[in-house]
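Novice: I have a structure here, written as structure tokens, and I will follow up with some questions on it.
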Amino acid sequence: MASVMRNEVFSCFVFYGVLLVVKMYIIAIITGQVRLRKKAFANPEDALRHGGLQYYRDDPYVERCRRAHVNDLENILPFLFLGAIYSLTGPSLSVARLHFVVFFLGRVLHTVAYLFALKAPTRSMAYIVAQIPCVSMALQILIAVAAYA
Numbered sequence: 001m002a003s004v005m006r007n008e009v010f011s012c013f014v015f016y017g018v019l020l021v022v023k024m025y026i027i028a029i030i031t032g033q034v035r036l037r038k039k040a041f042a043n044p045e046d047a048l049r050h051g052g053l054q055y056y057r058d059d060p061y062v063e064r065c066r067r068a069h070v071n072d073l074e075n076i077l078p079f080l081f082l083g084a085i086y087s088l089t090g091p092s093l094s095v096a097r098l099h100f101v102v103f104f105l106g107r108v109l110h111t112v113a114y115l116f117a118l119k120a121p122t123r124s125m126a127y128i129v130a131q132i133p134c135v136s137m138a139l140q141i142l143i144a145v146a147a148y149a
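Residues 1 to 149 (UniProt numbering) are what the sequence shown spells out, left to right.
Okay, here's the thing in structure tokens:
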């Protein structure tokens with residue numbers, strides 16, 4: 001493990017990857033807290049525990065938080081895969097860091113735009129910006145693999 005962590009690009013990737021995972025945990029906690037505050041539970045047993053079956057219901061803001069979390073899962077998990085492999089292809093540290101920072105900031109802005117219902121197209125633009133480094137890393141991985149195929 002120590003030899004892998006001596007790879008500066010991989011260490012940089014791990015730093016931003018862990019920040020993104022922590023961000024996903026924070027969104028999960030926010031979603032749970034909003035469920036409690038709004039008394040809008042997804043399961044009848046939870047509603048019964050918190051006041052009755054009338055609280056087994058949907059709430060627009062709970063759903064907004066949940067969608068933000070699901071969107072993170074759909075985008076951060078592929079980034080973690082691509083970033084790990086990309087880190088091992090030998091990119092320059094400054095270029096790799098740019099990829100990781102742009103993705104991280106794009107996902108943070110996307111979450112803020114989702115949770116606070118910022119004016120369109122803020123969320124869409126944040127999504128697109130975060131996808132650019134993923135596409136770039138995927139292409140660079142394919143080029144690196146094709147060289148050995």
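Beta carbons are placed, not taken as given, at the ideal position from N, Cα and C, and that holds for glycine.
Quick test of the definition: if touching needs 3 or more C-beta pairs under 8 Å, does the segment 122 to 138 touch the segment 90 to 106?
Specialist: Because the criterion of three Cβ pairs below 8 Å is met, the segment 122 to 138 and the segment 90 to 106 touch.
Novice: If you follow the alpha helix (DSSP H) that Thr122 is part of, which residue opens it and which one closes it?
Specialist: Here residue 122 corresponds to residue number 122 of the sequence shown, with the count starting at 1. Where Thr122 is concerned, the enclosing alpha helix (DSSP H) stretches over Thr122 to Tyr148.
Novice: Apart from the five residues on each side of it in sequence, which residues of its chain come closer than 6 Å, Cβ to Cβ, to Thr111?
Specialist: Translated into the one-based positions of the sequence shown, residue 111 becomes position 111. Ala68, listed in sequence order.
Novice: Which complete alpha helix (DSSP H) runs does the segment 47 to 108 hold, if anything under 4 residues is left out?
Specialist: List check, alpha helix (DSSP H) in window: 60 to 87.
Novice: Once the 5 residues before and after His50 are set aside, which same chain residues still bring their CB inside 8 Å of it?
Specialist: In the sequence shown, residue 50 corresponds to position 50, counting from 1. For His50, where only same-chain residues beyond five positions count, the Cβ hits under 8 Å are Leu36, Lys39 and Phe41.
Novice: Can you grab the Cα-Cα spacing for the pair Leu109 / Glu8, in whole Å?
Specialist: Along the sequence shown, one-based indexing puts residue 109 at 109. Along the sequence shown, one-based indexing puts residue 8 at 8. One C-alpha to the other measures close to 26 Å.
Novice: Using a Cβ-Cβ cutoff of less than 7 Å, which residues in the same chain neighbour Pro44 once the five nearest sequence positions on both sides are dropped?
Specialist: Within the sequence shown, numbered from 1, the residue matching residue 44 stands at position 44. The answer, listed in chain order, is Leu53 and Tyr56.
Novice: In chain order, what residues of the same chain have a beta carbon less than 6 Å from the beta carbon of Thr31, not counting five sequence neighbours either side?
Specialist: Along the sequence shown, one-based indexing puts residue 31 at 31. Cβ neighbours of Thr31 beyond the five flanking positions: Cys65, Arg66 and His69.
Novice: With DSSP as the reference, label Phe41 as helix, strand or coil.
Specialist: The residue given as residue 41 occupies position 41 in the sequence shown. The answer is strand: DSSP assigns Phe41 an E or B state.
Novice: To the nearest angstrom, how far is the alpha carbon of Leu82 from that of Tyr127?
Specialist: Start at 1 with the first residue of the sequence shown, and residue 82 comes out as number 82. Start at 1 with the first residue of the sequence shown, and residue 127 comes out as number 127. If I take the Cα positions, the gap works out to 17 Å.
Novice: Which whole-angstrom value describes the C-beta separation of Gly17 and Leu80, a residue pair presumed to lie in contact below a C-beta threshold of 8 Å?
Specialist: Counting from one through the sequence shown, the residue named residue 17 turns up at place 17. Counting from one through the sequence shown, the residue named residue 80 turns up at place 80. That belief holds up - the Cβ atoms of Gly17 and Leu80 are roughly 5 Å apart, short of 8 Å.
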